[in-house]
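Notes follow once the structure below has been shown.
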Amino acid sequence: MTDTKRRSDTKMVEHPSRASGPERDLNKRPVLECSHLGIDYGGLKAVDDFNLTIGPTEIAGLIGPNGAGKTTVFNLLTKVYQPTHGVVMVDGKDTAGMNTIQASRLGLARTFQNIRLFNQMTVEDNIRIGLHNQIPYSTASGILRLPAFWKGEKKQHEKAMELLSLFNMQDMADVKSGSLPYGAQRRLEILRALATSPKLLLLDEPAAGMNPKETEELMDTIIKIRDDFQIAIMLIEHDMNLVMGICEGICVLNFGRVIAKGTADEIQNNPEVIEAYLGTQKEDE
Numbered sequence: 001m002t003d004t005k006r007r008s009d010t011k012m013v014e015h016p017s018r019a020s021g022p023e024r025d026l027n028k029r030p031v032l033e034c035s036h037l038g039i040d041y042g043g044l045k046a047v048d049d050f051n052l053t054i055g056p057t058e059i060a061g062l063i064g065p066n067g068a069g070k071t072t073v074f075n076l077l078t079k080v081y082q083p084t085h086g087v088v089m090v091d092g093k094d095t096a097g098m099n100t101i102q103a104s105r106l107g108l109a110r111t112f113q114n115i116r117l118f119n120q121m122t123v124e125d126n127i128r129i130g131l132h133n134q135i136p137y138s139t140a141s142g143i144l145r146l147p148a149f150w151k152g153e154k155k156q157h158e159k160a161m162e163l164l165s166l167f168n169m170q171d172m173a174d175v176k177s178g179s180l181p182y183g184a185q186r187r188l189e190i191l192r193a194l195a196t197s198p199k200l201l202l203l204d205e206p207a208a209g210m211n212p213k214e215t216e217e218l219m220d221t222i223i224k225i226r227d228d229f230q231i232a233i234m235l236i237e238h239d240m241n242l243v244m245g246i247c248e249g250i251c252v253l254n255f256g257r258v259i260a261k262g263t264a265d266e267i268q269n270n271p272e273v274i275e276a277y278l279g280t281q282k283e284d285e
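This is how it looks when you write it as structure tokens:
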């Protein structure tokens with residue numbers, strides 16, 4: 001049964017752009033606006049005419065059957081792939097021609113289906129890599145080990161420990177990330193992405209490999225991240241209890257095209273979505 005308690009009964013309203021979103025984001029600039037986004041591989045349209053708007057504090061879900069194009073959308077947003085057509089606006093800025101580094105600086109951060117940690121580095125050092133764009137000292141200070149360097153190191157350590165506390169992982173700070181259990185590696189990857197101070201955090205199957213208790217804790221933590229950091233979160237996930245439990249707006253892909261958008265209740269009762277997941281049912285003879 002879907003846990004609906006976490007969705008805090010968010011009221012979704014129509015914004016001036018005609019896209020629906022949380023009422024609290026009304027009259028605020030969307031963090032993400034995709035218009036007619038797509039990518040072709042020869043004659044194959046992997047993603048076609050993808051349109052989506054996400055408010056600055058919205059928790060959004062992107063779901064669909066395997067092979068629907070969900071991760072491809074994430075790759076387009078973060079500039080791993082360059083779109084064949086369409087526009088991606090992040091916080092009002094057109095991302096055309098940007099690379100992955102520029103997209104990150106603009107405020108996009110993501111995790112991956114397959115965990116990508118620096119396995120031989122400690123948990124804390126993995127977090128500190130995410131803090132690279134917040135180094136408060138110069139290269140000269142670092143080389144000469146001036147007071148500014150040590151002050152900056154102290155600030156980075158404190159920030160890393162603060163982030164680790166979100167998942168109660170402070171005691172793992174000195175552990176090599178490659179030796180962590182799978183679920184803990186998933187959580188660490190989320191924290192490293194969060195360390196870049198994103199405006200939109202993209203989570204690609206964050207609950208993969210987690211047991212039910214860990215998934216429950218993840219749901220609460222995603223909401224806490226949104227509330228504490230006042231950012232938007234968009235997730236791809238196959239765990240429908242998680243999606244329906246915390247996502248305010250949900251977009252459904254099938255064969256690279258959007259087939260439905262709406263609230264959890266609307267999506268759960270949409271015949272086209274049910275058919276995409278379960279197939280067409282034969283009428284009783």
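For the sequence shown, position 58 (counting from the first letter as 1) is numbered 58 according to the working numbering, and the numbering increases by one without interruption. For glycine and all other residues, C-beta sits at the position ideal for the given N, C-alpha and C. No experiment lies behind these values; they were computed from the predicted model shown.
Inset, instruction - Write down every uninterrupted run of the alpha helix (DSSP H) in the stretch 54–108 whose length is 4 residues or greater and which is fully enclosed by it, in chain order. - result: 70–77, 100–106
Legend entry - Delimiting residues of the alpha helix (DSSP H) encompassing L242: Within the sequence shown, residue 242 is the residue found at index 242, counting from 1. Counting along the chain, the alpha helix (DSSP H) containing L242 begins and ends at 240–246.
Inset, instruction - For A260, name the three-state secondary structure that DSSP assigns. - result: By one-based count along the sequence shown, residue 260 stands at place 260. Note: A260 maps to strand in three-state DSSP.
Inset, instruction - Tell me whether L26 is buried or exposed, calling it buried when 16 or more other Cβ atoms sit within 10 Å of its Cβ. - result: Within the sequence shown, the letter at position 26 stands for residue 26. Exposed is the call here.
Inset, instruction - Taking D125 as part of the alpha helix (DSSP H), name the residues at either end of that continuous run. - result: Residue 125 sits at position 125 when you count from the first residue of the sequence shown. Unbroken alpha helix (DSSP H) run through D125: 123–130.
Legend entry - Own chain residues within Cβ distance below 8 Å of L218, not counting five before or after: Taking the first residue of the sequence shown as 1, we reach residue 218 at position 218. For L218, where only same-chain residues beyond five positions count, the Cβ hits under 8 Å are R187, P206, A207, M210, L242.
Legend entry - Helix, strand or coil at S188 [DSSP, three-state]: If you number the sequence shown from 1, residue 188 lands on position 188. Note that residue 188 is Leu in the sequence shown here, rather than Ser. Reduced to three states, the DSSP call for L188 is helix.
Inset, instruction - Would you mind stating whether S197 and Q185 have Cβ atoms separated by less than 8 Å? - result: As a position in the sequence shown, residue 197 is number 197, starting the count at 1. As a position in the sequence shown, residue 185 is number 185, starting the count at 1. Cβ distance not < 8 Å, so S197 and Q185 don't count as in contact.
Legend entry - Exposure of P147, with buried meaning 16 or more beta-carbon neighbours within 10 Å: Mapped onto the sequence shown, residue 147 falls at position 147. By the neighbour-count rule (16 or more Cβ atoms within 10 Å), P147 is not buried but exposed.
Inset, instruction - Out of D40, E33, N66, point me to the one whose CA is closest to A60's CA. - result: Looking up residue 60 in the sequence shown gives position 60. Answer by Cα proximity: E33.
Inset, instruction - State yes or no: is the C-beta of A232 within less than 8 Å of the C-beta of T57? - result: Taking the sequence shown and counting its residues from 1, the one referred to as residue 232 is at position 232. Taking the sequence shown and counting its residues from 1, the one referred to as residue 57 is at position 57. Cβ atoms of A232 and T57: closer than 8 Å.
Legend entry - For G249 and Q268, the rounded distance between their alpha carbons: Against the sequence shown, residue 268 aligns to sequence position 268. Against the sequence shown, residue 249 aligns to sequence position 249. When rounded, the distance between both Cα atoms is 12 Å.
Inset, instruction - Can you grab the Cα-Cα spacing for the pair K70 / L108, in whole Å? - result: Taking the sequence shown and counting its residues from 1, one reaches residue 70 at position 70. Taking the sequence shown and counting its residues from 1, one reaches residue 108 at position 108. Cα to Cα, the separation comes out at about 16 Å.
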